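*Asks:* Numbering (full-length UniProt numbering), first residue to last: 1 to 260.
Idealized CB from N, CA, C, for every residue including glycine.
All of these numbers come straight from a predicted model, not from anything done at the bench.
After the structure tokens below, expect a handful of questions from me.
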Amino acid sequence: MKIATWNVNSIRTRLEQVIDWLGQSNVDVLCMQEIKVVDAQFPCAPFEELGYHLYFSGQKAYNGVAIASRQPLLDVSCGFAPTLLNIQADWDEQKRVITGKIDGITIVNLYVPNGSAVGSEKYEYKLGWLAVLQEYLRSLLLSQAAICVCGDFNIALEDKDIHHSAKSENHIMASEPERQALRDILLLGFADAFRKFTSEGGHYSWWDYRAASFRRNLGWRIDHHYLTPALYERAKSCTIDVAPRKLPQPSDHAPVIVEF
DNA sequence: ATGGCGCGTTGCACGCGA
């Protein structure tokens, strides 16, 4: 069983690359972020022709998450509210969460807010959103034993997840409050699948479009799979596939795949 | 220090991403 996460940066623009990659990688589940399309316009047909079922929560122009799965997902829900019944509704206005269950594994597909700049209004929104996410996962853990939380976290937890020329405490995605918010979430009982197999730095999942960052390998590892303990033990590999990032007109993110 | 590239938009410059 392979579960992949990929910020595709517009599913309509990236459709051919995503479909090609699905056909080659043969993953069972693909979690996508930044689909940037309303539900009525999601291009379902090419996925269905490959044998995938589609689940999505989209909005116009920004954000949006989707899951393509070979087997139908159970208990699909969008946003925090179905689990956090008392949450303020506006935390679900931006479409950043979709959850479903397959083979006893609850998959939570996330697009964590970017945060713009440390100290900005969007940064405060990101920290607030992460606090809501913590409560969401705490609540899920009450009823679900095997959880895979994956997606674009927009946080590099350690300095070795960041290329040498960008290490800055006040950099968005690396500031201490963001890292602490993510550590607090992991303390609920999640471990990084990638770090089960690879301890050294220099492995990245996102490279800025500008300044030839990919060619110079000036990247960040910000796309993650976080697993509950028994699932973590079952993980057989976790890899970043940089091949799609080399194509013309790529997403700025590469897919990350965990295998059980 | 700044901006760089790419996406979508009742588009033709701008907000946003990270």
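(1) Just the Cα atoms here: how many angstroms apart are Tyr115 and Tyr125?
(2) Between Phe194, Tyr204, Ile172, Ile147, which has its C-alpha nearest Val118's C-alpha?
(3) List the residues that DSSP assigns as beta-bridge partners of Tyr123.
(4) Leaving aside the five residues before and after Asn9 along the sequence, list all residues of the same chain whose C-beta is less than 8 Å from its C-beta, in chain order.
(5) Going by CA-CA distance only, name the one from Glu178, Ser57, Leu50, Leu247 that's closest to Ala131.
(6) Roughly how many angstroms separate the alpha carbons of Ser143 and Gln249, rounded to a whole number?
(7) Buried or exposed for Ser205, please, with buried defined as at least 16 other CB atoms from any protein chain shown within 10 angstroms of its CB.
(8) Roughly how many whole angstroms lie between the Cα atoms of Leu157 and Asn170?
(9) Who are the Cβ neighbours of Ile87 in its own chain at under 7 Å, not counting the five residues just before and after it?
(10) Starting from Ile185 and walking both ways along the beta strand (DSSP E), at which residues does that stretch end?
(11) Just reading off the alpha helix (DSSP H) that Asp75 is part of, what are its end residues?
(12) Closest to Phe260 by CA distance: which of Lys122, Asp103, Arg12, Glu48 is it?
(13) Using a 10 Å radius around the Cβ and a threshold of 16 neighbouring Cβ atoms, would you call Phe42 buried or exposed?
(14) Between Ala243, Trp91, Gly189, which has its C-alpha nearest Phe214's C-alpha?
(15) Go through its chain and collect everything with a Cβ distance to Val18's Cβ below 8 Å, but skip five positions before and after it.
(16) Given a cut-off of 8 Å, decide if Gly23 and Asp39 are closer than it, judged by their beta-carbon atoms.
(17) Note down the Cα distance separating Tyr148 from Ser139, rounded to an integer number of angstroms.
(18) Can you name the residues that DSSP bridges to Gly202?
(19) How would you write the range of the beta strand (DSSP E) that Thr13 sits in, first residue to last?
(20) What first and last residue would you give for the alpha helix (DSSP H) that runs through residue 292?
(21) Tell me whether Asn154 is buried or exposed, calling it buried when 16 or more other Cβ atoms sit within 10 Å of its Cβ.
(22) Using C-beta distances below 8 Å, list every residue in its chain close to Asn217, excluding the 5 sequence neighbours before and after it, in chain order.
(23) Rounded to whole angstroms, how far is the Cβ of His224 from the Cβ of Asp184, which I believe are closer than 8 Å?
(24) Please state if the CB of Tyr136 and the CB of Leu188 are separated by a distance shorter than 8 Å.
(25) State buried or exposed for Tyr52, treating a residue as buried only when at least 16 other CB atoms are found within 10 Å of its CB.
*Replies:* Considering the structure as presented:
(1) Translated into the one-based positions of the first sequence, residue 115 becomes position 115. Translated into the one-based positions of the first sequence, residue 125 becomes position 125. The amino acid at residue 115 is misidentified as Tyr; the sequence shows Gly. Taking the straight line from one Cα to the other gives about 7 Å.
(2) Stepping through the first sequence from its first residue, residue 118 is reached at position 118. By alpha-carbon distance to Val118, the top candidate from Phe194, Tyr204, Ile172, Ile147 is Ile172.
(3) Mapped onto the first sequence, residue 123 falls at position 123. In the DSSP output, where bridge partners are listed per residue, Tyr123 has none listed.
(4) Indexing the first sequence from 1 puts residue 9 at position 9. Closer than 8 Å at Cβ, skipping near neighbours: Glu34, Lys36, Ser251, Asp252, His253.
(5) Working through the first sequence from its first residue, we reach residue 131 at position 131. Among Glu178, Ser57, Leu50, Leu247, the Cα nearest to that of Ala131 is on Glu178.
(6) For the purposes of this step, residue 143 is identified with residue 143 of the first sequence, where counting begins at 1. For the purposes of this step, residue 249 is identified with residue 249 of the first sequence, where counting begins at 1. Gln249 has its alpha-carbon roughly 42 Å from the corresponding atom of Ser143.
(7) Numbered from 1 along the first sequence, position 205 holds the residue referred to as residue 205. Ser205 should be labelled buried.
(8) As a position in the first sequence, residue 157 is number 157, starting the count at 1. As a position in the first sequence, residue 170 is number 170, starting the count at 1. One C-alpha to the other measures close to 14 Å.
(9) Within the first sequence, numbered from 1, the residue matching residue 87 stands at position 87. So the list reads Phe80, Ala81, Val132, once near-sequence residues are dropped.
(10) What you label residue 185 is simply residue 185 of the first sequence in a count that begins at 1. Counting along the chain, Ile185 falls outside any beta strand (DSSP E), though it belongs to the alpha helix (DSSP H) covering 176-186.
(11) Along the first sequence, one-based indexing puts residue 75 at 75. Note, Asp75: premise wrong, no alpha helix (DSSP H); beta strand (DSSP E) at 74-78.
(12) Mapped onto the first sequence, residue 260 falls at position 260. Ranking Lys122, Asp103, Arg12, Glu48 by Cα distance to Phe260 puts Asp103 first.
(13) Residue mapping note: residue 42 aligns to position 42 of the first sequence, counting from 1. Classification of Phe42: buried, given that the 10 Å Cβ count is 16 or more.
(14) Position 214 of the first sequence, counted from the first residue, corresponds to residue 214. Checking every option, the nearest Cα to that of Phe214 belongs to Ala243.
(15) Locating residue 18 in the first sequence gives position 18, counting from the first residue. Contacts found: Trp6, Val8, Ile11, Leu30, Met32.
(16) The residue labelled residue 39 in the question sits at position 39 within the first sequence. The residue labelled residue 23 in the question sits at position 23 within the first sequence. Contact: no.
(17) Within the first sequence, residue 148 is the residue found at index 148, counting from 1. Within the first sequence, residue 139 is the residue found at index 139, counting from 1. Tyr is not the amino acid found at residue 148; the sequence shown has Cys there. The straight-line gap from Cα to Cα measures roughly 14 Å.
(18) As a position in the first sequence, residue 202 is number 202, starting the count at 1. Looking at the DSSP assignment, Gly202 forms no beta bridge with any residue, so it has no partner.
(19) Mapped onto the first sequence, residue 13 falls at position 13. Residue range 11-25 is occupied by the alpha helix (DSSP H) that includes Thr13, with no beta strand (DSSP E) assigned at that position.
(20) Nothing in the structure corresponds to residue 292, since the chain is present only between 1 and 260.
(21) In the first sequence, residue 154 corresponds to position 154, counting from 1. With 16 or more Cβ atoms within 10 Å of its Cβ, Asn154 is classed as buried.
(22) Working through the first sequence from its first residue, we reach residue 217 at position 217. Same-chain partners within the cutoff: His163, Gly202, Tyr204, Trp207.
(23) Locating residue 224 in the first sequence gives position 224, where the first residue counts as 1. Locating residue 184 in the first sequence gives position 184, where the first residue counts as 1. With 8 Å as the limit, His224 and Asp184 do not qualify as a contact, their Cβ atoms being about 15 Å apart.
(24) For the purposes of this step, residue 188 is taken as residue 188 along the first sequence, with counting starting at 1. For the purposes of this step, residue 136 is taken as residue 136 along the first sequence, with counting starting at 1. For Leu188 and Tyr136, no; Cβs fall outside 8 Å.
(25) Along the first sequence, read from residue 1 onward, the residue named residue 52 stands at position 52. Under this definition Tyr52 is a buried residue.
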